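J.:
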Amino acid sequence: MLYGEVPEEVIVEEYGLKYAVDLHGGQKTGFFLDQRENRQIIARHAAGRTALNCYCYSATMGLCMRNAGVQTLHNVDLSEGALQLAARNYSLNEVVPGEDEFLAADVKRFLGDMPADHYDLIVLDPPKFTASKRTIDAAIKGYKHINMVALKKIKSGGLLFTFSCSGLVDMELFRKIIFYAAKDAGRDVRIVRPLSADLDHSLSIYHRENEYLKGLMLYVV
Numbered sequence: 005m006l007y008g009e010v011p012e013e014v015i016v017e018e019y020g021l022k023y024a025v026d027l028h029g030g031q032k033t034g035f036f037l038d039q040r041e042n043r044q045i046i047a048r049h050a051a052g053r054t055a056l057n058c059y060c061y062s063a064t065m066g067l068c069m070r071n072a073g074v075q076t077l078h079n080v081d082l083s084e085g086a087l088q089l090a091a092r093n094y095s096l097n098e099v100v101p102g103e104d105e106f107l108a109a110d111v112k113r114f115l116g117d118m119p120a121d122h123y124d125l126i127v128l129d130p131p132k133f134t135a136s137k138r139t140i141d142a143a144i145k146g147y148k149h150i151n152m153v154a155l156k157k158i159k160s161g162g163l164l165f166t167f168s169c170s171g172l173v174d175m176e177l178f179r180k181i182i183f184y185a186a187k188d189a190g191r192d193v194r195i196v197r198p199l200s201a202d203l204d205h206s207l208s209i210y211h212r213e214n215e216y217l218k219g220l221m222l223y224v225v
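So in the numbering used here, the last one in the sequence shown is 225, and the numbering has no gaps at all.
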């Protein structure tokens, strides 16, 4: 900012929904612009489903699913501040959350404890697991674990939308991680489509890490 004071909050609008952006304490810029189109893709498949939105932050994906007619939704994040921001977004759009719609919990523990065959749509959009080659092995194990558990417990016919925003984990490696997660989960999984940052996030052919956000839409047989 070149002049004046940065406000505590600004309200933005995307596809008819309003979102509060915490410019001081929010993650990154306070709003994940790179997931704009992915929010719409997820919403288009949410109607009538029982959905779990993991690492929900301000529940932008959850709000899109609510707007699209999801039947039941749980937004899970460890941060109470993130869930307060999520509740603020619901309020801005006059959406009344359902019972236990916001859950403060560690996602890994929540996935481990949740019953099988309960959800038929799961979103995994974790924060960056690694920013250094020294920790990439741990990141691979982390991605594999959460995806394996989600794949093991999702209903047959369910959809898993899984993402990685770690620049050091490219799409080829991410697909391998998901392959081994599916193998260990013992599930037949089909890739419906790859997912990426929206078109306004242009890519440099000289900077591989610029393609930091990648994802997969998976159908679990």
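Glycine included, each C-beta is placed from N, C-alpha and C at the ideal position. Predicted model, so just to flag it, every value in this text is computed and none were measured.
So what does DSSP say about Lys-132, is it helix, strand or coil?
T.: Coil, per DSSP.
J.: How many Å lie between Leu-96 and Lys-187 at the Cα?
T.: Rounded to the nearest angstrom, the two C-alpha atoms are 42 Å apart.
J.: Could you work out which residue in Asp-202, Ile-158, Arg-53 is closest to Asp-117 when comparing CA atoms only?
T.: Checked all of Asp-202, Ile-158, Arg-53; the closest Cα to Asp-117 is Ile-158.
J.: For Leu-6, does the count of other Cβ atoms within 10 angstroms reach 16, so buried, or fall short, so exposed?
T.: Exposed, since its Cβ has fewer than 16 Cβ neighbours within 10 Å.
J.: Please state whether the Cβ-Cβ distance between Ile-195 and Asn-151 is less than 8 Å.
T.: No, they are not a contact pair.
J.: Using DSSP with H/G/I as helix, E/B as strand and the rest coil, what is Lys-269?
T.: The chain is shown from 5 up to 225; residue 269 falls before or after that span and cannot be answered.
J.: Assuming Asn-57 and Val-153 make a contact with CB atoms under 8 Å, what is their CB distance in whole Å?
T.: At roughly 16 Å, the Cβ-Cβ gap does not stay under 8 Å, so Asn-57 and Val-153 are not in contact.
J.: Which of helix, strand or coil does DSSP assign to Asn-214?
T.: In this structure, Asn-214 counts as helix in the three-state DSSP scheme.
J.: Please name the residue in Gln-88, Ala-90, Ser-83, Ala-55 whose C-alpha comes closest to that of Leu-77.
T.: Answer by Cα proximity: Ala-55.
J.: For a quick check, are the C-beta atoms of Gly-219 and Thr-166 less than 8 Å apart?
T.: Cβ distance < 8 Å, so Gly-219 and Thr-166 count as in contact.
J.: Can you name the start and end residues of the beta strand (DSSP E) that Thr-64 belongs to?
T.: Here Thr-64 belongs to no beta strand (DSSP E); instead the alpha helix (DSSP H) covers 64-72.
J.: What is the DSSP secondary structure of Gly-102, counted as helix, strand or coil?
T.: Three-state DSSP puts Gly-102 in coil, outside helix and strand.
J.: Rounded to the nearest angstrom, what separates Val-14 and Lys-148 at their Cα positions?
T.: One C-alpha to the other measures close to 36 Å.
J.: Grab the span of the alpha helix (DSSP H) containing Ser-200 for me, first residue to last.
T.: No alpha helix (DSSP H) holds Ser-200; the beta strand (DSSP E) holding it covers 193-200.
J.: Classify Arg-179 as buried or exposed, calling it buried when 16 or more other Cβ atoms lie within 10 Å of its own Cβ.
T.: The residue is exposed, with fewer than 16 neighbouring Cβ atoms inside 10 Å.
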